[in-house]
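So the sequences go chain by chain: Y and Z.
Numbering-wise (this note's numbering), the first sequence opens with residue 46 and increments by one.
Numbering-wise (this note's numbering), the second sequence opens with residue 193 and increments by one.
We put the CB at the ideal spot given by N, CA and C, even for glycine.
Keep in mind it's a predicted model, so treat the numbers as computed, not measured.
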Amino acid sequence: MAGECVQFLGFWASPSALRVVWALKLKGIDYEHIEEDLLNKSPLLLKYNPVHKKVPVLVHNGKPVAESLIIVEYIDEVWKQNPLLPQDPYERAKARFWVKFADEKVVPDMVSTFMKTGEEKEKAAKAARECLKTLESGLEEGKQFFGGEAIGFVDIAVGWIGIWARIVEKLKDVSLVDEETMPLLHAWLQNFLEVPIIKECIPPWDKLLQHNKGYLVKLTPDST
Amino acid sequence: MEQVTVLGSWPSPYAYRVLWALELKGVEYEYVEEDLLNKSDMLLKYNPILKKIPVLIHAGKPIVESPVIIEYIEETWPQNPLLPQDPYEKAMARFWTKFCDDKGLAFTLFFIGVGEEQQKAAKEVREALKTIEEKALGEKKFLGGDEIGMADLAWGVLATSLGVIEQIVGMTIFDAESFPRLHRWAQNFREHPVISKNLPELEKLLVNYTRKREMYLDTKIA
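So, in structure tokens, the structure goes:
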């Protein structure tokens, strides 16, 4: 769109930044990518997100929006092509519910699995699998994505959990997105990550593995 | 009009947000009080995953989680809007609402914590209040502008239960001297014609929260 200025402050390994990148790409929005060094935050980041000082931040015509899910809803409202949320209020409520469930139930159990060892790790992984199984019930049989035939809000909000699950599975030698017990979720993850526009935004796997290995030593809570 | 039911548990601030939203929009509803120690079949049926209140049931369909419910109410009954039309202003309203929800743990630890844990929580809540006063409220009457909005409903706890909690724990953090604008906001909120008819009774809150704090402390010692 002529006259629009869209800037995106992100960090390559940030899962929440990835949500916004996927939304921008799916809508075909032109934007300037500003990569932040979270150990040395730029004056721009501190100016545009003074409350949290975190990425991602979207700056649209000089006005900043922070918090990844709020940014994605903002993008959906401003750029109407390829809608991410359904029109119907009840369907929208279901979509928002699944995203909240994933963030508040699935993620903490996966974090525990990542941070713990031995029996505690196995216990956490079991809890994570139960939550993932529940998340699977948000998928409609016969539909490729949470959004139905097309990628939607839930897919891009929850997609990084699938990526991260694979990393945790590899680094911690556990099973999370189990094909046998969660065939729909497993299939969804496979399909979703292979969609070209989604795939090309994912950082290289070995770089992600290396980065997350670093987290096992030191946790940097610098992205929302 | 299709049946609207709210499952709640007094004095849940999250349930109050939903009730205020419905009242402000003039939506008729039936309220069902849940006993959270003995959850009803209705609650387990309509919120099988989380088994929590509040739940809004509209034409037989359940919506759960208060921020999700508020957005649903806003989209289904557009009169007396709780969100601005402008997407940027809408994003800001959601941002300040989330900011409140993110402080839930700090509020809780201020209420049921002891010693250093409580002190740390008190500090965090005070900093949050400062941010709201300076960055969210400014010179406006409400966070939503001239009218109550989504963010006001979330921060409504400052106008209703925080004073009672301060009394119980014996620590003031939300003082008028440090937060003159927020105090004025709280008064405007309480005096709003719709909200004023839907405020929790302070005496009842005192009894309820005193008992709750005692229960939590007993569990810690046990």
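Contact list for residue i against chain Y, beta-carbon separation under 7 Å
i	result
D257 (chain Z)	The sequence as given places Glu at residue 257 (chain Z); Asp does not occur at that position. The contacting residues are F142, K145.
T323 (chain Z)	V96
F287 (chain Z)	A111, E112, I115
Any chain Z beta carbon closer than 8 Å to residue i
i	result
A62 (chain Y)	no
D267 (chain Y)	For D267 (chain Y), the predicted model reports a pLDDT of 49, less than 50, meaning its position is unreliable; a value from the coordinates is still stated below. Cβ-Cβ to chain Z under 8 Å: no for D267 (chain Y).
E185 (chain Y)	no
Y93 (chain Y)	no
E112 (chain Y)	yes
I115 (chain Y)	yes
V240 (chain Y)	no
P134 (chain Y)	yes
Y260 (chain Y)	no
Y119 (chain Y)	yes
P249 (chain Y)	no
Min CB distance residue i to chain Y below 8 Å
i	result
L326 (chain Z)	Per the sequence shown, the amino acid found at residue 326 (chain Z) is Glu instead of Leu. Cβ-Cβ to chain Y under 8 Å: no for E326 (chain Z).
I357 (chain Z)	no
K389 (chain Z)	no
V219 (chain Z)	no
V386 (chain Z)	no
Y238 (chain Z)	no
K396 (chain Z)	no
I365 (chain Z)	no
K412 (chain Z)	no
V349 (chain Z)	no
K244 (chain Z)	no
Residues that residue i bridges to, as DSSP identifies them
i	result
E253 (chain Z)	A small correction: the amino acid at residue 253 (chain Z) is Lys; Glu does not occupy that position in the sequence shown. In the DSSP output, where bridge partners are listed per residue, K253 (chain Z) has Z:H250.
P372 (chain Z)	Note: P372 (chain Z) sits in no beta bridge, so no partner.
F190 (chain Y)	Y:G193
Chain-ordered neighbours of residue i on chain Z, where CB pairs are closer than 8 Å
i	result
R137 (chain Y)	E263, Y264, E267
E122 (chain Y)	P279, K282
K108 (chain Y)	Y280
Residue range of the unbroken alpha helix (DSSP H) whose run includes residue i
i	result
V317 (chain Z)	307-323
F299 (chain Z)	296-304
F237 (chain Y)	228-239
E167 (chain Y)	163-181
E222 (chain Z)	Segment 222-225 is the beta strand (DSSP E) holding E222 (chain Z); no alpha helix (DSSP H) there.
L254 (chain Y)	250-262
Limits of the unbroken beta strand (DSSP E) element including residue i
i	result
I196 (chain Y)	Taken as a continuous stretch (DSSP letters only), I196 (chain Y) belongs to no beta strand (DSSP E), as it is neither H nor E.
T197 (chain Z)	196-200
V151 (chain Y)	V151 (chain Y) -> no beta strand (DSSP E), and no H or E assigned at all.
L54 (chain Y)	51-55
Per-residue contacts from residue i into chain Y (C-beta, under 9 Å)
i	result
K295 (chain Z)	Neighbours of K295 (chain Z) on chain Y: none; closest Cβ ~12 Å, over 9 Å.
V247 (chain Z)	Result: empty, since nearest Cβ-Cβ is about 11 Å, beyond 9 Å.
I241 (chain Z)	F142, F146, K150, T179, S182
Residue i: contacting residues in chain Y (beta-carbon distance under 8 Å)
i	result
F291 (chain Z)	V96
V260 (chain Z)	A138, R141, F142, K145
- Item | Any beta strand (DSSP E) of 3 or more consecutive residues that is wholly inside the region 68-147 of chain Y | 77-80, 102-105, 108-111
- Can you check the region 329-405 of chain Z for any alpha helix (DSSP H) of at least 4 residues that lies completely inside it and give the ranges in chain order? 342-347, 349-352, 354-361, 372-383
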